[in-house]
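Peer 1:
Number of protein chains: 4
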Amino acid sequence: MLKKLTQEQWTYILETGIREFAAQGFDRANINVIAKKAGISVGVLYKYFKDKEAFFLACLNQSLTILEAVLRDSLSGEHKLLERAEKIIRAVQKTSREHVDYINMYLSITTGSNRKFAPELAKRIEGMTAEVYAQFIKDAQKSGDIRQDADPKMFAFFFDNLLMMLQFSYGCDYFQERFKVFAGDDILSKDEFVVSEMLKFLESAFTLEQASIHHRS
Amino acid sequence: MLKKLTQEQWTYILETGIREFAAQGFDRANINVIAKKAGISVGVLYKYFKDKEAFFLACLNQSLTILEAVLRDSLSGEHKLLERAEKIIRAVQKTSREHVDYINMYLSITTGSNRKFAPELAKRIEGMTAEVYAQFIKDAQKSGDIRQDADPKMFAFFFDNLLMMLQFSYGCDYFQERFKVFAGDDILSKDEFVVSEMLKFLESAFTLEQASIHHRS
Amino acid sequence: MLKKLTQEQWTYILETGIREFAAQGFDRANINVIAKKAGISVGVLYKYFKDKEAFFLACLNQSLTILEAVLRDSLSGEHKLLERAEKIIRAVQKTSREHVDYINMYLSITTGSNRKFAPELAKRIEGMTAEVYAQFIKDAQKSGDIRQDADPKMFAFFFDNLLMMLQFSYGCDYFQERFKVFAGDDILSKDEFVVSEMLKFLESAFTLEQASIHHRS
Amino acid sequence: MLKKLTQEQWTYILETGIREFAAQGFDRANINVIAKKAGISVGVLYKYFKDKEAFFLACLNQSLTILEAVLRDSLSGEHKLLERAEKIIRAVQKTSREHVDYINMYLSITTGSNRKFAPELAKRIEGMTAEVYAQFIKDAQKSGDIRQDADPKMFAFFFDNLLMMLQFSYGCDYFQERFKVFAGDDILSKDEFVVSEMLKFLESAFTLEQASIHHRS
DNA sequence: AATGAATGAGAATTCATTCAT
DNA sequence: TATGAATGAATTCTCATTCAT
């Protein structure tokens, strides 16, 4: 193993790191253990990464890149807002299960000592989404699909909040349990039901203005 | 659990623990430092708690108890759903700022090695809320305030998801930054705006059925 | 061993540190080994000293304090310069053998990574000596024992240089060998000879003025 | 020792090693860093040197060779003792500044784990000097320039001690600070003053016999 | 019962040395 | 032959936990 590590080896090392960090959290994860599991020596890790934190950030980056790629896929093409929403919800259901560790990497930056990365990370991670969602809503307002008095940014925020929690609810131990408490122990096997209820909720949320008027009148 | 130490002493000890755990995370928090800051000896801590984890759980419990008390307040009395929602949103805005540490304690159970407590905790923490919210929605359906085809449990889930994220967005470093990315750097000082937009979103979400019909017709 | 360490224990710990640092140098000396040899745990060392460097500095301080005490003894009382010199030379011969490690601690600050302490240490260590020696020489000039055109500070410097090297020559491996190369393999057992030759050298050095004049005339 | 690499390359490699060892000390100096700075691979270093120590010894040897060459220069030609002394003092002042690293290499063998080389090194390094200085003094005794009762070897030793300390005082951080403490902060810029005072001291030291007699008579 | 000094296992990090290419 | 990537033993330092006083 005296030639530079191959792309696959790197991917494997990062995946190993992600698995450990996601499972144990930053502090509990052990660099020596990660190296061993990844089939390399600690020396290599420290040759390529300044310290544990730098390696963690690389793992996080890898996670986010993949998560972003999935999102980007769901956003492609010309679609009405609710069609998009459906695509995204289904994508979340799929990837949250496949990439449990990535979700947990994401969550791990919200707590403990990793909080110091908050400012830089928030911009990099949420920047694109915030922009795109707000634009969707503006477009939908133009075509009359969404109530005119909605603040696009805030509605984008609420929309993403719902998706975020859905993601956590599929990919994170605690939120999974919470999901069951709210919706029944079998909720994790009722994906279609979740999709339709969530679309119902969103459809309403986005369109009320007229309804409200009617209702109140 | 409280023998010789007074109630106030216990509260102080737990508050100190909460502050440290919230600030540093479970692993980084130092039991010796906590004891010193709390004005007691480590010996006492280990007399009443088996180990660091047991003490953490006690701190967590304290946090959740207070958070629950706040919620319970917001739920009291007879109100229409949106009035309740408004009360809760305002309560979240207030307590998330006052009790930043409690929010972070809550968040900390979603990550790292604390995940092992997920099942027990989820039931204790979310049980009441899930129940109450679902009942609210059923009631509102009866009085015609909410679309009939909504699944009460799922809508309760979405409702709580939005509140949860709002809470994180006020009380957790990372989600605060994310909030700014979505809604502008000054969003944390525009509480009324947040309330009104969120109510708009919820009002719609809960009521669409008719709207939808009207709109489509 | 649960009560605070006693004075004797501390002395023993420092002595152990001095022995190791003197033998191996700062970098090679191993904190865990020192702790073991001193009969304590590493934890204790790190409870009382911020880090290895702080412990080293404490050992150094101990060494210098003792070395200084010896010097202070030799300086006491009213004496003519050469009588003082003789006292000091004999003291150097005695202590350099007894306290080999202290000499080596002293030497160790002149090299390697410890050089960063140079400024602070030089003042603390040499300050008193420089002052006192210069004063001796001024006094001796007044009483006509030393040539008038001697700069007291410089002559004090040369005097101390000779004592310093004598100290090294008795207490440091390398300079001991050098001593033998210069003065014969048996020089270390000819203390009286060394004293008398050194006094000869000093006596001359301090008194030449008139001689020089006579000689040149 | 030099196969494929040119003389210049070797000089550069050794100079690089000297710079690092002098700056960091043996233990702190990093072989990989030295190799990189020297523009070669570690492999080459380990081809020509058994280990770090062997390389260090080569660097030390290089330093001493140059220091010796300087000394040899100062010793050439027919001169009276004090003329020689003046030449040597000036040479020390000059080379100690130009070759700070060599001085520090020299000092580094007096401390730490390098002490094990003491015996072999002392003979190689000091042998010539001791011999030559003693001869000078014997010659001077014959021509009546030095007191007859001086032991040539011991006086050579004292003479070299003074030069050694002067060298350290110009080339080593700690002794430089000590120099300032003794002779004032500006002493490093008063070379002529140092020369004349030192010559005064030496002139006296070497010549006292008559003076002493005169003085005492 | 309360204290807090002492313990020592455990984890991050470094770097001399090797050896496949 | 020269390279420098990879190795992994060694070292510093931390801190949960114990237990003599």
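Residue numbers (this note's numbering), protein chains in the order written: chain A, -9 to 207; chain B, -9 to 207; chain C, -9 to 207; chain D, -9 to 207.
The beta-carbon is built from N, C-alpha and C at its ideal position, and this holds for glycine as well.
Everything numeric in this text was worked out from a predicted model, so none of it was measured.
Among the residues of its own chain, which have a CB less than 7 Å from the CB of CYS162 of chain B, if the five just before and after it don't count?
Peer 2: For CYS162 of chain B, where only same-chain residues beyond five positions count, the Cβ hits under 7 Å are ILE93, ASN94, LEU97.
Peer 1: Classify GLN138 of chain B as helix, strand or coil using the three-state DSSP reduction.
Peer 2: In the structure shown, GLN138 of chain B sits in coil (DSSP, three-state: anything other than H, G, I, E or B).
Peer 1: Can you list the alpha helix (DSSP H) stretches of 4 or more residues lying completely in the stretch 39 to 76 of chain D, in chain order?
Peer 2: 42 to 65, all fully within the stretch 39 to 76 of chain D.
Peer 1: Does any residue of chain C have a CB that is nearer than 9 Å to the CB of SER98 of chain D?
Peer 2: Yes, because at least one Cβ of chain C sits closer than 9 Å to the Cβ of SER98 of chain D.
Peer 1: Check each residue of the stretch 151 to 177 of chain B: if its Cβ is closer than 9 Å to any Cβ of chain A, include it; give the result in chain order.
Peer 2: Answer in chain order: ASN151, LEU152, MET154, MET155, LEU156, PHE158, SER159, CYS162, ASP163, TYR164, PHE165, GLN166, GLU167, ARG168, PHE169, LYS170, VAL171, PHE172, ALA173, GLY174, ILE177.
Peer 1: For chain D, is any of its Cβ atoms less than 9 Å away from the one on MET188 of chain C?
Peer 2: At least one chain D Cβ lies under 9 Å of MET188 of chain C.
Peer 1: Mind pulling the chain A residues with CB within less than 7 Å of SER103 of chain B?
Peer 2: Correct list: GLN14, GLY15, ARG18.
Peer 1: Quick check: the stretch 136 to 146 of chain B against the stretch 186 to 193 of chain A, are there 3 or more CB pairs under 8 Å?
Peer 2: They touch, by the three-pair rule.
Peer 1: How far does the alpha helix (DSSP H) with ILE93 of chain A in it reach, from first residue to last?
Peer 2: Here the alpha helix (DSSP H) through ILE93 of chain A covers 90 to 98.
Peer 1: Any contact of the stretch 122 to 139 of chain D with the stretch 57 to 76 of chain D, i.e. 3+ C-beta pairs under 8 Å?
Peer 2: Contact between the stretch 122 to 139 of chain D and the stretch 57 to 76 of chain D is present, because at least three Cβ pairs lie under 8 Å.
Peer 1: Between D:GLY67, D:ILE78, D:ALA44, which lies nearest to GLU58 of chain D when the distance is taken from Cα to Cα?
Peer 2: Cα-wise, what sits closest to GLU58 of chain D is D:ILE78.
Peer 1: Let me see if you follow: with CB-CB separation under 9 Å, is ASN94 of chain C close to chain D or not?
Peer 2: It does; some Cβ of chain D falls within 9 Å.
Peer 1: Note down, in chain order, each residue of its chain lying with its Cβ closer than 8 Å to the Cβ of VAL82 of chain B, except the 5 sequence neighbours on either side.
Peer 2: LEU153, LEU156, GLN157, TYR160, listed in sequence order.
Peer 1: In angstroms with no decimal places, state the Cα-to-Cα distance between PHE209 of chain C and GLU116 of chain B.
Peer 2: Because chain C in this structure spans residues -9 to 207, residue 209 of chain C falls outside the shown range and cannot be described.
Peer 1: Is LEU111 of chain A close to chain B, meaning its C-beta is less than 9 Å from at least one C-beta of that chain?
Peer 2: True, the Cβ-Cβ gap to chain B drops below 9 Å.
Peer 1: Give the interface partners of GLY117 of chain B over in chain A, defined as CB-CB distance under 7 Å, in chain order.
Peer 2: The answer, in chain order, is VAL171.
Peer 1: Can you find a C-beta in chain A that's less than 9 Å from the C-beta of ALA146 of chain B?
Peer 2: For ALA146 of chain B, the answer is yes, since a Cβ of chain A falls inside 9 Å of its Cβ.
Peer 1: Please tell me whether GLY102 of chain A and GLY33 of chain B are closer than 9 Å, where the distance is taken between their beta carbons.
Peer 2: It is not a contact, given that the beta carbons lie outside the stated cut-off.
Peer 1: At a CB distance below 7 Å, what residues from the stretch 43 to 57 of chain C approach chain D? Give them in sequence order.
Peer 2: The stretch 43 to 57 of chain C vs chain D, Cβ under 7 Å: nothing.
Peer 1: Given that LYS143 of chain B touches chain A, what residues does it touch there, using C-beta distances under 8 Å?
Peer 2: Within 8 Å Cβ-Cβ: PHE172, ALA173, GLY174.
Peer 1: Could you spell out the range, first to last residue, of the alpha helix (DSSP H) harbouring PHE107 of chain C?
Peer 2: That residue, PHE107 of chain C, is in no alpha helix (DSSP H); it is neither H nor E in DSSP.
Peer 1: Using 9 Å as the limit for Cβ to Cβ distance, is PHE191 of chain A near chain B?
Peer 2: Closer than 9 Å: yes.
Peer 1: Please list the partners that ALA140 of chain D has in chain C, where partner means a Cβ-to-Cβ separation under 9 Å.
Peer 2: Going along chain C in sequence order, the residues near ALA140 of chain D (Cβ under 9 Å) are GLU187, LYS190, PHE191, SER194.
Peer 1: Indicate the three-state DSSP secondary structure (helix, strand or coil) for THR119 of chain A in the structure shown.
Peer 2: If DSSP states are grouped into helix, strand and coil, THR119 of chain A belongs with the helices.
Peer 1: For ALA120 of chain C, decide whether its Cβ has a neighbour in chain D, counting only Cβ atoms nearer than 9 Å.
Peer 2: Yes, its Cβ sits closer than 9 Å to a Cβ of chain D.
Peer 1: Return the Cβ separation of CYS49 of chain B and PHE11 of chain B in integer angstroms, given the expectation that the two are a contact with Cβ distance under 8 Å.
Peer 2: That belief holds up - the Cβ atoms of CYS49 of chain B and PHE11 of chain B are roughly 6 Å apart, short of 8 Å.
Peer 1: Starting from ALA244 of chain C, find everything on chain D with Cβ-Cβ shorter than 8 Å and list it in chain order.
Peer 2: Nothing can be reported for residue 244 of chain C, as the shown portion of chain C is limited to -9 through 207.
Peer 1: Can you give the Cα-Cα distance for LYS40 of chain D and ARG105 of chain C, rounded to whole angstroms?
Peer 2: Going from the Cα of LYS40 of chain D to the Cα of ARG105 of chain C covers about 29 Å.
Peer 1: Which whole-angstrom value describes the C-beta separation of TYR123 of chain A and PHE149 of chain A, a residue pair presumed to lie in contact below a C-beta threshold of 8 Å?
Peer 2: Their Cβ separation, rounded to whole angstroms, is 6 Å, which keeps TYR123 of chain A and PHE149 of chain A in contact under 8 Å.
Peer 1: Going along the chain, which residues of its own chain have a beta-carbon closer than 6 Å to the beta-carbon of ASP91 of chain D, five neighbours each way excluded?
Peer 2: Same-chain partners within the cutoff: ILE8, ARG9, ALA12.
Peer 1: Residue range of the alpha helix (DSSP H) that LYS180 of chain A falls in?
Peer 2: Counting along the chain, LYS180 of chain A falls outside any alpha helix (DSSP H), and DSSP gives it neither H nor E.
Peer 1: May I ask you to report which of helix, strand or coil DSSP gives ALA19 of chain B?
Peer 2: If DSSP states are grouped into helix, strand and coil, ALA19 of chain B belongs with coil.
Peer 1: Measure how close the beta-carbons of VAL171 of chain D and ALA120 of chain C come, nearest whole angstrom, since I'm counting them as under 8 Å.
Peer 2: At roughly 5 Å, the Cβ-Cβ gap stays under 8 Å, so VAL171 of chain D and ALA120 of chain C are in contact.
Peer 1: Taking the Cβ atom as the reference point for each residue, do GLN52 of chain B and LEU(-5) of chain B lie within a distance shorter than 9 Å?
Peer 2: Against a cut-off of 9 Å, the Cβ pair of LEU(-5) of chain B and GLN52 of chain B comes out as no contact.
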